[in-house]
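Asker:
In this note's numbering, the protein residues as written are 1 to 198.
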């Protein structure tokens, strides 16, 4: 069982290193504890979706062709454009967000976090599916628990990094440019990777 846990930890770390940078941008947008929890909930929804798809594929469901995964790139592109439009609206109508706006923002961060996690998860699927295919049900459950724990650790690490004063100042000053730009670039990267693989 120790070998299973170690393999799962390595698989997660190897496929989610790029998510650390995305997490920094997601948590930089979270201005309250509730919004941070919303990002964390989205990360768990996204990771859970990837694990579920991997389990289904490992049990014999025909995997989605890699070229189809390229269409997932549309999600971060749409989110990036939406973030940019929201920033432009805030510039035209500055003001303190009300309670309803804060709640809406928390929901938006959950959806954004989940979609970005799934859209950026093609490499996760490529590793998790063969990993799960060789596992017994108890090993799959153990690996899923490891993924859950490590998702939490990734979130804690990202939050701690965003609290470092120099990085916090940088992210606060440029997040309105960085978040849309990174999401749009990520979307084009996912599309290129998916379509060129076919």
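C-beta atoms are modelled at their ideal positions from N, C-alpha and C, and glycine is treated no differently.
Since the structure is predicted, the reported quantities are computational estimates derived from the model, not experimental observations.
Which residue's Cα is closest to the Cα of residue 55: 83, 44, 19 and 129?
Answerer: Measuring from the Cα of residue 55, the nearest candidate turns out to be 129.
Asker: Among residues of its own chain, excluding the 5 on either side of residue 9, which ones have a beta-carbon nearer than 6 Å to its beta-carbon?
Answerer: So the qualifying residues of the chain are 146.
Asker: Whose C-beta lies closer than 6 Å to the C-beta of residue 58 among residues of the same chain, with five residues either side of it excluded?
Answerer: If we look at residue 58 and ignore the five residues flanking it on each side, its Cβ neighbours are 129, 132 and 133.
Asker: Using the Cα positions of residue 23 and residue 155, report the straight-line distance between them to the nearest angstrom.
Answerer: C-alpha separation (whole angstroms): 7 Å.
Asker: With distances taken between CB atoms, is the gap from residue 75 to residue 122 smaller than 9 Å?
Answerer: No, Cβ-Cβ distance for residue 75 and residue 122 is not below 9 Å.
Asker: Using the Cβ count rule (16 or more neighbours within 10 Å means buried), how would you classify residue 101?
Answerer: Exposed is the call here.
Asker: Which whole-angstrom value is the C-beta distance of residue 80 and residue 184, which I expect to be below 8 Å?
Answerer: Their Cβ separation, rounded to whole angstroms, is 4 Å, which keeps residue 80 and residue 184 in contact under 8 Å.
Asker: Over the uninterrupted alpha helix (DSSP H) stretch that includes residue 143, give me the two end residues.
Answerer: Here the alpha helix (DSSP H) through residue 143 covers 137 to 162.
Asker: Is it the case that the CB of residue 133 approaches a heavy atom of the ligand SAM more closely than 8 Å?
Answerer: Ligands are entirely absent from the displayed structure, and the ligand SAM is therefore not among its contents.
Asker: Whole angstroms are fine: how far does the CA of residue 2 sit from the CA of residue 136?
Answerer: About 14 Å.
Asker: Might you give, ordered along the chain, the residues of its own chain that have their beta carbon closer than 6 Å to the beta carbon of residue 77, omitting 5 neighbours on each side?
Answerer: Once the five neighbours on either side are set aside, the close Cβ partners of residue 77 are 184 and 187.
Asker: Going straight from the alpha carbon of residue 162 to that of residue 37, what length do you get?
Answerer: One C-alpha to the other measures close to 15 Å.
Asker: DSSP state of residue 91, grouped into three classes?
Answerer: In the structure shown, residue 91 sits in a helix (DSSP, three-state: H, G or I).
Asker: So, are the CB atoms of residue 15 and residue 127 less than 9 Å apart?
Answerer: In this structure, residue 127 lies closer than 9 Å to residue 15 by Cβ.
Asker: Here's the rule I'm using: 16 or more other beta-carbon atoms within 10 Å means buried, otherwise exposed. How should residue 19 be labelled?
Answerer: Its Cβ being crowded by 16 or more others within 10 Å, residue 19 is buried.
Asker: Output yes or no for whether 9 Å exceeds the beta carbon distance between residue 114 and residue 33.
Answerer: Not in contact: residue 114 and residue 33 (Cβ atoms no closer than 9 Å).
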